[in-house]
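Numbering-wise (full-length UniProt numbering), the sequence shown opens with residue 1 and increments by one. I have placed the structure first, in the form of structure tokens, so that the comments after it can refer back to it.
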Amino acid sequence: MKDLSTHPCFNKDAHHKYARVHLPVAPTCNVKCNYCNRKFDCVNESRPGVTSSVLSPDQALSYLIKLVKIMPELKVVGIAGPGDPFANPTQTMKTLHLVRDNFPDMLLCLSTNGLNAAPYIDELKELDVSHVTITLNSLRPETLAKVYSWVRHDKRGYFGAQAGEYLLQRQLEAIAKLKEAGITVKVNTIIMLGINDHEIAEIAEKIASLGVDLMNTIPLFPVKDTAMEHMEEPTPDFMKSLRKKVEVFLPPMSHCARCRADAAGLLGKDSAEAAKLLSETALLTVEKGEDRPCVAVTSMEGILVNQHLGEADRIHVFRETPKGYKLVNVRATPDTGQGDSRWEKLAETLADCRAILVGGIGKKPAGILGRSGIKIIEMSGLIDQGLDSVYKGTELRSLCKTEMTKCGTGCTGSATGCG
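Next comes the structure, spelled out in structure tokens:
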């Protein structure tokens with residue numbers, strides 16, 4: 001029986017006793033917040049959207065297995081970015097399944113903008129996810145137009161007040177559905193002076209009517225290289241006055257630590273040992289064992305890795321044998337013009353492959369193949385050199401320095417799609 005009172009973010013009395021960890025498995029985001037700068041290799045900042053590493057779901061499980069051994073007070077596993085969990089639903093849901101299968105008594109939680117949360121709430125309920133936080137910054141589309149540069153959903157970009165209205169509609173839908181599912185909901189609201197600070201009471205009243213359990217008003221932290229970097233940070237006294245307005249309608253949170261996307265430990269006291277463990281785990285290849293004995297290769301002639309995946313009409317598949325590397329077969333790639341389903345079909349075709357060596361690869365196929373458990377290695381040179389790096393762990397001098405799970409994550413973008 002899970003004890004919900006041990007969640008340190010939702011219970012002030014628990015935050016000095018019980019630890020939480022955020023697994024940074026969701027690198028991309030579907031909104032562009034004017035106050036956010038997601039730094040992916042930063043170890044010196046403490047705020048949402050920051051992490052020192054991004055993990056695959058399998059790496060996240062490996063990290064968690066090691067972490068519980070050194071952190072017995074760990075009670076909560078969350079996913080809070082560094083992008084949005086439901087802009088990366090495959091990674092997010094796979095991670096939650098892995099954690100639930102291996103740690104049946106662990107509390108699971110998520111923090112999201114809510115844009116794409118609704119389709120996954122039934123599955124969250126099945127996984128016994130107990131707590132979800134949604135960041136909702138206004139009920140007014142004209143205010144939200146000042147907060148977000150764009151919103152992207154179902155391959156369509158929204159801008160201005162239209163973006164705000166669309167996002168708000170999806171957020172309110174997600175909150176209602178979460179409460180129907182019996183999930184504890186917290187709303188985070190970033191307080192931006194002169195933009196939404198005068199709207200807090202109306203937000204609190206509305207979300208209370210939807211059954212939200214807790215509201216967390218967070219002062220804007222002006223971040224360099226954002227549209228709001230020169231804005232003033234609200235004072236502690238002002239924030240205290242806002243919490244007084246909130247408590248008329250629902251309980252306010254007063255102990256928020258503005259956690260990083262890779263936070264681990266007690267609130268406000270993240271573990272240095274956990275940070276080291278995270279960095280080490282991010283460098284590991286999580287072995288797939290005998291169920292994935294092969295390696296896929298894009299090659300024009302079967303000797304060199306010299307072809308972009310998007311241009312390949314066939315994939316060479318190799319495996320290691322006692323007599324060296326053997327070409328198992330050559331497999332046709334799915335036809336072009338199918339969107340994401342092309343790469344999903346390819347992932348199925350390569351289900352026995354632990355890695356793929358490519359001369360080049362786009363963001364979308366890299367993400368889909370990576371989430372299926374296939375390691376992406378972008379390189380140029382002899383196939384045997386690439387195979388040595390996979391099977392023997394040798395250094396690959398011809399490696400193109402690319403980590404595809406991070407591709408494009410620092411891009412402010414235009415919401416028109418890329419890769």
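For glycine and all other residues, C-beta sits at the position ideal for the given N, C-alpha and C. Nothing here was measured: the structure is a model prediction, and the numbers come from that model.
Alpha-carbon spacing of residue i relative to residue j, whole angstroms
i	j	result
Asn196	Ala87	25 Å
Lys276	Lys206	42 Å
Glu199	Ser341	43 Å
Ala257	Ala366	Note that Ala257 scores a pLDDT of 49, beneath 50, so its modelled location is shaky; the value from the coordinates is reported in the next line. Approximately 34 Å between the Cα atoms of the pair.
Ile203	Leu382	60 Å
Tyr35	Ala176	27 Å
Ala274	Gly78	15 Å
Glu403	Pro236	With a pLDDT of 38 at Glu403, under the threshold of 50, the modelled position of that residue is not reliable, and the figure given next carries that caveat. Using only the alpha carbons, I get a separation of about 40 Å.
Gly164	Thr189	15 Å
Asp388	Thr394	6 Å
Ile218	Asn306	50 Å
Glu233	Val223	10 Å
Arg20	Cys109	10 Å
Leu220	Ala208	23 Å
Cys29	His153	10 Å
Arg314	Val330	6 Å
Met192	His230	12 Å
Gln91	Ser111	14 Å
Gln338	Glu344	10 Å
residue 421	Leu304	Residue 421 lies beyond the residue range present for the chain, which begins at 1 and ends at 419; the question has no answer from this structure.
Ala272	Thr281	14 Å
Ser62	Lys69	12 Å
Lys125	Ala181	6 Å
Lys364	Arg371	11 Å
Ala312	Leu242	58 Å
Ser130	Leu396	44 Å
Ala332	Gly360	18 Å
Lys240	Thr336	56 Å
Those residues which DSSP pairs with residue i across a bridge
i	result
residue 422	In this structure the chain extends from 1 to 419, so residue 422 is not present and cannot be described.
Cys109	Gly78 and His131
Lys177	DSSP output for Lys177 lists no bridge partner at all.
Met215	Val187 and Pro252
Cys33	Tyr148
Val358	Glu378
His316	Val297 and Val330
Tyr325	Glu320
His308	Gly360
Ala264	Val21
Ala26	Pro82
CB-CB length for residue i against residue j, believed under 8 Å
i	j	result
Gly386	Ile377	6 Å
Leu67	Val99	Between Val99 and Leu67 the Cβ distance is about 11 Å, and since that is not below 8 Å, they are no contact.
Ala26	Asp101	Contact flag wrong, Cβ pair sits at about 19 Å.
Glu123	Met93	6 Å
residue 427	Leu369	Missing from the structure shown is residue 427; the chain here goes from 1 to 419 and no further.
Val248	Val390	About 60 Å separates the two Cβ atoms, so there is no contact after all.
Ala118	Arg170	7 Å
Gly362	Gly310	6 Å
Leu357	Met379	6 Å
Sequence-distant residues of its chain with Cβ nearer than 6 Å to residue i (five each side left out)
i	result
Ile183	Val132
Met215	Val187, Ala204, Val246, Leu250 and Pro252
Thr135	Asn113 and Asn188
Leu127	Leu96 and Arg100
Gly302	His316
Residue range of the unbroken alpha helix (DSSP H) whose run includes residue i
i	result
Pro365	Lys363 to Arg371
Ala60	Pro57 to Ile70
Tyr391	Ile383 to Tyr391
Ala282	Ala272 to Ala282
Pro136	Here the sequence assigns Leu to residue 136, which means Pro is not the residue at that position. Unbroken run through Leu136: none, as it is neither H nor E.
Lys244	Pro236 to Val246
Met93	Pro89 to Asn102
Ser209	Ile200 to Ser209
Leu124	Ile121 to Glu126
Spatial neighbours of residue i in its chain, beta-carbon cut-off 8 Å, leaving aside the 5 residues before and after
i	result
Leu167	Val31, Asn113, Gly114, Leu115, Leu144, Tyr148, Val151 and Tyr158
Pro293	Arg319, Glu320, Asp352 and Arg354
Val212	Ile175, Lys179, Val185, Lys186, Val187 and Leu250
Leu139	Leu168, Glu199, Glu202, Ile203 and Lys206
Met300	Asn306 and Gln307
Gln162	Pro141
Cβ shell of residue i (< 7 Å), same chain only, five flanking positions each side left out
i	result
Pro24	Thr51, Ser53, Val54, Leu55, Gly81, Pro82, Ala261 and Asp262
Ala227	Asn34
Phe238	none
Pro334	Arg342, Lys345 and Leu346
Opening and closing residue of the beta strand (DSSP E) in which residue i lies
i	result
Ile376	Lys375 to Glu378
Val21	Ala19 to His22
Near the ligand GTP: residue i beta-carbon under 6 Å from a heavy atom
i	result
Asp313	This structure lacks the ligand GTP, and indeed carries no ligand of any kind.
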